[in-house]
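Trainee:
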Amino acid sequence: MEATPGRERLIEQFKADGLKVMFGNPGTVEQGFLDAVDAAEEFRYVLALQETVAAGIADGYARATGGAALLQLHSGVGLGNGIGMLYQSLRGHTPLVVVAGDAGVRYDAMDAQMASDLVAMARPVTKYATRVTDPRSVLRTVRRAVKIALTPPRGPVFVALPMDVLDELNSEPVLPTTVPLTDVAPSPASVGRAAELLASAERPVVLVGDGVALSGAQRELVAVAELLGADVYEVDSSEVNIAASHPLRRGQTGHMFGPHSKELVADADGVLIVGTYVFPEVFPELESPFRAGAKIVHIDLNAYEIAKNHPVDLGLAADPRQALRALAGVLERQLTPQRRAAAAARLDVRTRERARSAGAVTEDDGTPMAVFLRTLAERTGGDLIVFDEALTTSPLVTRYLPAERPGDYHLTRGGSLGVGFPGAVGAKLARPDRLVVGFAGDGGSMYTYQALWTAARHGIDAKFVVCNNRKYRLLDDNIAQYWRERDIPEHGFPGSFDLSHPEIDFAGLARSLGAGGMRVEKPDEAVAAVGRMLSHPGPFLVDVQI
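Listed below in structure tokens is the structure:
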């Protein structure tokens, strides 16, 4: 094969793997590579003004496509900027292929300006991190990284690309990466054992996470839950694993306080865990939250998570879809008429409860945010993609825009702020045929507000909503819990939680970045705001006062 510079061959490798869009922010040590990117056909560079924003857009793009996304960061300083967002991707299992340049292998001994151990920096926030040092192994290393990123448990990977290595001639073959198939089914004996453990439960509970969505196992999950008559709680969940309207869905366990999760599962005598780790709280229970004698079955492709924190009776390292399908088949055959009747009765109770509460969904309290969301739901019929970083406003968002269909809802994950707006940009770029609206709090939006500029520059018609309560409201709620646990009298919240002064002009800031924007202070303004947002050609932001 005719040799060409490594920087050009690398682009061909990316294209062979379907990675034809690269998100990034340029730097000097990547200049030769980016020059080749600019000249490449059928390859697009999406410019962000800071690496955190680029990483957030890439994360949203990957989540919306269901595949990998390509992210370019600038050496050590750019990688440092992106690390917080890469942690989000690691916790959320987003398959990002991250590359960064350095001056060159020949300069290693000089410890010069911007010199840093990129692999050591990247390792804590990636599944795999490496550096190419031989021009004959550029593509093989990248293919290995792509394979690791896309193999469950999926996640970000990092490859450092020295400038002098990419400048060398390269004759490696360009081949699509081979990604192992992981749709493995458990043995009939293990499925039979799982059914035996769960079938006799009188108070069954199912705990699910995004492993269900990744394997496309929503239908199989519902089948098992209905056969068992089991309440379903979403644990480490940021995608649609079960429709919000299903009567057995009981919501999220939360990710802050272990006692809350313990309360939800304390009475369960049979627990099925699928596609998640248990439990993801910041302040978890150190002792097992499950009752003594409860039978626990854990299904996940990520064997590391099975019994990681608490013992289980049976762990199955298997594809959730295959395992749940097999489990449903066994339960169909083996459940006694009495057990079927008991499960049907539990499902009937939840169905009637859901029917009684359904009427309240169309009502609102007349606040600007409630009116805005109700109007948006009415105008769109719910046909939109929501990227939700509204945090304390999320319950209101999902009340009017419930997460019903796979791919229509993405929730922030990983614990830090700044995901909502770049995530919406990435999702809209991936799904240009759909209306995409990103929700973020006023505090969270300011971490990555530059994402609006990227949307304007590249003609990405995403919409944005600031849930503006002039504070880090979640911190108010969490410190109130802290005070209660320690019998500390309530008092004024720390001043560092307050964002009220100086006031941020979010709509004006959006306009300065090339997007449209308006502010909503009164309920009657909210209706007009929805109309303006939906009719505006290009990115548009609405600042809703809470």
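Residue numbering for the sequence shown follows my numbering, starting at 1472 and increasing by one per position. All residues carry an ideal CB built from backbone N, CA and C; glycine is no exception.
How many whole angstroms separate the CB atoms of V2062 and P1751, which I take to be in contact at a CB cut-off of 8 angstroms?
Mentor: In this structure the chain extends from 1472 to 2017, so residue 2062 is not present and cannot be described.
Trainee: May I ask which residues mark the beginning and end of the alpha helix (DSSP H) holding Y1880?
Mentor: Y1880 -> not in any alpha helix (DSSP H); beta strand (DSSP E) instead, spanning Y1880 to L1882.
Trainee: Using three-state DSSP, classify K1618 as helix, strand or coil.
Mentor: Helix, per DSSP.
Trainee: How is L1490 classed by DSSP in three states: helix, strand or coil?
Mentor: Three-state result, L1490: coil.
Trainee: Please report how far the alpha carbon of A1981 lies from the alpha carbon of L2012, in whole angstroms.
Mentor: So the two alpha carbons sit approximately 7 angstroms from each other.
Trainee: Between which two residues does the alpha helix (DSSP H) harbouring S1801 extend?
Mentor: The sequence given here has Val at residue 1801, not Ser. Per DSSP, V1801 belongs to the alpha helix (DSSP H) from P1791 to Q1805.
Trainee: Pull up the distance between the alpha-carbon of P1476 and that of V1628, whole angstroms please.
Mentor: P1476 and V1628: Cα-Cα distance of roughly 24 angstroms.
Trainee: Out of D1573, E1992, A1999 and R1928, which one is the CA nearest neighbour of V1517?
Mentor: When each option's Cα is compared against that of V1517, the closest is R1928.
Trainee: Round the Cβ separation of L1699 and E1803 to the nearest angstrom and send it over; I've been treating them as touching at under 8 angstroms.
Mentor: Actually they are not in contact, since the Cβ atoms of L1699 and E1803 sit about 12 angstroms apart, beyond 8 angstroms.
Trainee: By DSSP, does G1450 sit in helix, in strand, or in coil?
Mentor: Within the shown structure, residues of the chain are numbered from 1472 to 2017, placing residue 1450 beyond reach of any answer.
Trainee: Grab me the residues of E1902's own chain with a C-beta within less than 7 angstroms of its C-beta, minus the 5 sequence neighbours each way, in chain order.
Mentor: Reading the sequence as shown, one finds Arg at residue 1902 and not Glu. Answer for R1902: A1535 and I1856, listed in chain order.
Trainee: Alpha carbon to alpha carbon, how far is K1491 from D1790?
Mentor: Answer to the nearest angstrom: the Cα atoms are 29 angstroms apart.
Trainee: What's the C-alpha gap between Y1431 and T1622?
Mentor: Here the chain comprises residues numbered 1472 to 2017, so residue 1431 is not present and cannot be evaluated.
Trainee: For P1866, which of helix, strand or coil comes out of DSSP?
Mentor: In the structure shown, P1866 sits in a helix (DSSP, three-state: H, G or I).
Trainee: With distances taken between CB atoms, is the gap from L1668 to D1573 smaller than 7 angstroms?
Mentor: Result no, Cβ atoms of L1668 and D1573 do not sit closer than 7 angstroms.
Trainee: With the cut-off set at 7 angstroms, would you say G1885 and F1858 are in Cβ contact?
Mentor: Result no, Cβ atoms of G1885 and F1858 do not sit closer than 7 angstroms.
Trainee: Following the continuous alpha helix (DSSP H) through H2007, name the residue where it begins and the one where it ends.
Mentor: Looking at the DSSP string, H2007 is not in any alpha helix (DSSP H), and its letter there is neither H nor E.
Trainee: In chain order, which beta strand (DSSP E) runs of at least 3 residues are fully inside the stretch 1736 to 1790?
Mentor: Complete beta strand (DSSP E) runs here, min 3: 1741 to 1745, 1766 to 1771 and 1785 to 1788.
Trainee: When you compare only the Cα positions, how much space is there between Y2037 and G1746?
Mentor: Outside the modelled stretch of the chain, which goes from 1472 to 2017, sits residue 2037, for which no answer is possible.
Trainee: Just verifying my parser: in three-state terms, what is the DSSP assignment at L1699?
Mentor: Residue state, collapsed to three classes: helix.
Trainee: CB-CB under 6 angstroms to S1560, same chain, minus the five flanking residues each way: which ones, in chain order?
Mentor: For S1560, where only same-chain residues beyond five positions count, the Cβ hits under 6 angstroms are D1530, L1567 and P1627.
Trainee: Rounded to the nearest angstrom, how far is the Cβ of G1853 from that of L1872, given a contact under 8 angstroms?
Mentor: Their Cβ separation, rounded to whole angstroms, is 6 angstroms, which keeps G1853 and L1872 in contact under 8 angstroms.
Trainee: Grab the span of the alpha helix (DSSP H) containing T1846 for me, first residue to last.
Mentor: Its alpha helix (DSSP H) spans residues P1839 to T1851.
Trainee: DSSP beta-bridge partners for G1909?
Mentor: DSSP output for G1909 lists F1858 and F1935 as bridge partner(s).
Trainee: To the nearest angstrom, report how far apart T1822 and G1988 are at their CA atoms.
Mentor: Distance between the alpha carbons of T1822 and G1988 is about 42 angstroms.
Trainee: Please classify P1903: does DSSP put it in a helix, a strand, or coil?
Mentor: Coil at P1903, not helix or strand.
Trainee: With DSSP run on the structure shown, which of helix, strand or coil describes T1653?
Mentor: T1653: coil per DSSP, three-state reduction.
Trainee: Let's see if you can read the secondary structure: which residues bound the beta strand (DSSP E) around Y1920?
Mentor: Counting along the chain, Y1920 falls outside any beta strand (DSSP E), and DSSP gives it neither H nor E.
Trainee: How far does the alpha helix (DSSP H) with A1511 in it reach, from first residue to last?
Mentor: From DSSP, A1511 is part of no alpha helix (DSSP H); its letter is neither H nor E.
Trainee: Could you tell me if T1807 is buried or exposed, where buried requires 16 or more neighbouring beta carbons within 10 angstroms of its beta carbon?
Mentor: Result: exposed.
Trainee: Leaving aside the five residues before and after F1761 along the sequence, list all residues of the same chain whose C-beta is less than 8 angstroms from its C-beta, in chain order.
Mentor: V1736, A1737, A1739, V1742, I1767 and H1781.
Trainee: Along the chain, where does the beta strand (DSSP E) containing T1601 start, and where does it finish?
Mentor: Taken as a continuous stretch (DSSP letters only), the beta strand (DSSP E) holding T1601 covers Y1599 to R1602.
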